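> I'd like to ask some things about the structure below.
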Amino acid sequence: MNRTFRRMLKIPIVLTRNGVVHSLYVFHVYFVLPFLVKILPIYAKSYCKLQKLMQLCWRAEREMRYWRLHREELLETGRKGYRAKIDELGLDPKTLRSLREASQNEKSVVIAEIDQDGFFLSHWGMIPNVPLISEKDFMARNRFTLEVVAIDEYVGVQKHYKEDKLAFLYEIRALHQLGLAGCNVPAIIDVDFDNLTLTVSYILGRVLREELAKRGAILRDRDVDDSRDFMSLDPKTRWLKRVQEGKRVLHRAVDPQFVEALFAELAKIHRCSFIYNDVKYGNVIIEKRTGKPFLVDFEYARYYPKLGEFVLRVLRDQDVEQFNLHFNTEKLTYKIITEKIKGVKRDQVYAPVYFGFGLRMGSIWSVDAGYGRWHYILKHNLPELSGKRILDLGANNAYNGIQLLRSGASEVIGFELDGKYIAQGNFVQAVFEWSDNRQYNFKYIQADMRRVQAMILGEFDIVMALCSIYYLDDDSIARLVRHISTITDFFVLQCNTEMNIGRSDPHVYDKASVEYNLAVVKRNGFPITRVIAPFGYSRPLVIGAK
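The working numbering numbers the first residue of the sequence shown as 11 and each following residue consecutively.
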């Protein structure tokens, strides 16, 4: 009963500190958002169908006119992208001379046709390091025909879209904008708006599907059709079995670093507001020169620049789920994050976190640490953070560091000794990067904060020590603050004036007081001081400046 009564007494205090508007928002996070998140996939699916219908009905012609007018812009962007010259194909000198002569008389010369499984039906003899096939065994493609062509001394892949104007436009937009963003995608070499053909740069290298097939995976259409294990399966089960076949030998074809680099490319595509919608082994090329992954075939890619973060997150998760399925990874999605958060006990979270989308760890009502502290006292009392380099002493689970970066800081280094908080912080950073669809430049140093005095870390625009340095002895505190004054002009300390909380050393209460910290800051290099101490709040700030 006493515990319930104490909780009831806290309610008006919490409401007062958070304010009415923010309290309503927290209520929304706890009780409304979880329901909305459940129906988002239905809305996202409906939205995508509506967009396609609108594109089909009237936007396609308008977009076709737009790209016709900007054809030279497409080609100019393509000139700056990835290109492979015809002599890099490895043709014998005589064949290469003949191909060059033929190219002088025609805009493009067909070198080979590509079948459904990616095999080449060559018109110019042997092409090293590509899978070749005879005309008798050639398997026609299900959708669009593909030809390898020579055009202006370069090798391209020409795709014929037949009557599918939407796929043609989708791929043009995707390759153009992703090329501008520096993604590993083919460059546009030529566009024919009348015949709906697009020629993109040929990526030198090996198709991942072929590498897996060489190692025994039953992936190619012709192999699947001839396999007894697949004959009685329904289409979905057959597809899943093909994916399992690929995963079975994946580690023999590529290493974990390649898989990480491939996911980084998918994340770059997402940051450009595109959804790929076609994650599969046949669309991944291991580029010959660098070994880097390239993604091809963007006819299913969709661009959603105005779509809200909630719905875009649902669509991004669908891409990531396909990536996890194909590459045996556990990249974060809403579902995976929810399961991981369920495994974190409330008393394991010192700094409560709210990630967005209704996802939270710990009690975000509290203003003593984490989410509540940031919104109650920190974000309104820090200087402009844009481009700032910040050191966080006692970084805990990185919540403050990530918020600093989300508010514009360019880099945050966090000192933290406790490995379990670092592990939690790595998870917090990963979830915020998933939530915000961007990367954050946060780095942990696992060490006692006193060791900063022996490290060469450069200068910082701000140094923060929130509820941390008062656990050191008096001499160590003075030396640490004195050193901090040599690497920054702005120092933020947080005190803890709460009494009778079971500290073994009574002097810690003194060292955590405003008076003590104010004196330490003034005596050790920060003559200009300011105290932010809201009435009744036990975590006031002491700010020192030069």
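In this text, a Cβ means the ideal position worked out from N, Cα and C, and glycines have one as well.
No experiment lies behind these values; they were computed from the predicted model shown.
Straight-line CA distance for residue 11 to residue 549?
Residue placement at residue 11 is poorly supported in this model, since its pLDDT is 45, which falls under 50; the coordinates are not used for a value here.
> To the nearest angstrom, report how far apart residue 315 and residue 282 are at their CA atoms.
8 Å
> Please list the terminal residues of the continuous alpha helix (DSSP H) segment that includes residue 187.
175 to 190
> Might you give, ordered along the chain, the residues of its own chain that have their beta carbon closer than 8 Å to the beta carbon of residue 498, omitting 5 neighbours on each side?
401, 469, 470, 471, 472 and 473
> Can you list the alpha helix (DSSP H) stretches of 4 or more residues lying completely in the stretch 183 to 262, in chain order?
218 to 224, 231 to 236 and 238 to 241
> Hey, how far is the Cα of residue 552 from the Cα of residue 523?
10 Å
> Who are the near neighbours of residue 73 in its chain, counting only those whose CB is closer than 7 Å to its CB and skipping five residues on each side?
179
> State the CB to CB distance for the pair residue 333 and residue 341, rounded to an integer number of angstroms; the pair is presumed to be in contact (CB under 8 Å).
That pair is a contact at about 6 Å.
> What is the DSSP secondary structure of residue 509, reduced to helix, strand or coil?
In this structure, residue 509 counts as coil in the three-state DSSP scheme.
> In terms of alpha-carbon separation, which member of 199, 426, 425 and 302 lies closest to residue 84?
199
> Using the Cβ count rule (16 or more neighbours within 10 Å means buried), how would you classify residue 71?
exposed
> With respect to the alpha helix (DSSP H) encompassing residue 103, which residues constitute its N-terminal and C-terminal limits?
103 to 115
> Can you tell which of 188, 396 and 237 has the C-alpha that lies nearest to the C-alpha of residue 305?
Closest option to residue 305, Cα to Cα, is 188.
> Around the Cβ of residue 255, are there at least 16 other Cβ atoms within 10 angstroms (buried) or fewer (exposed)?
buried
> Alpha carbon to alpha carbon, how far is residue 294 from residue 99? Give it in angstroms, no decimals.
19 Å
> Grab me the residues of residue 503's own chain with a C-beta within less than 6 Å of its C-beta, minus the 5 sequence neighbours each way, in chain order.
475, 527 and 552
> According to DSSP, is residue 496 helix, strand or coil?
It is helical.
> For residue 555, which of helix, strand or coil comes out of DSSP?
strand
> Using DSSP with H/G/I as helix, E/B as strand and the rest coil, what is residue 339?
coil
> By alpha-carbon positions, which one of 77, 120 and 399 ends up nearest to residue 201?
77
> Does the stretch 117 to 132 touch the stretch 219 to 234, meaning 3 or more C-beta pairs lie closer than 8 Å?
yes
> Decide yes or no for the touch test of the stretch 57 to 72 against the stretch 378 to 398: beta carbon pairs closer than 8 Å, at least 3 of them.
no
> Apply the 10 Å Cβ neighbour rule to residue 435 and answer buried if 16 or more other Cβ atoms are within range, or exposed otherwise.
buried
> Keeping to the same chain, check which residues put their C-beta closer than 6 Å to that of residue 451; ignore five residues upstream and five downstream.
Annotation for residue 451: 421 place their beta carbon closer than 6 Å to its own, counting only its chain and skipping 5 residues before and after.
> Does residue 142 pass the burial test, meaning 16 or more other C-beta atoms within 10 Å, or should it be called exposed?
By the neighbour-count criterion, in which 16 or more other beta carbons inside 10 Å mark a residue as buried, residue 142 falls on the exposed side.
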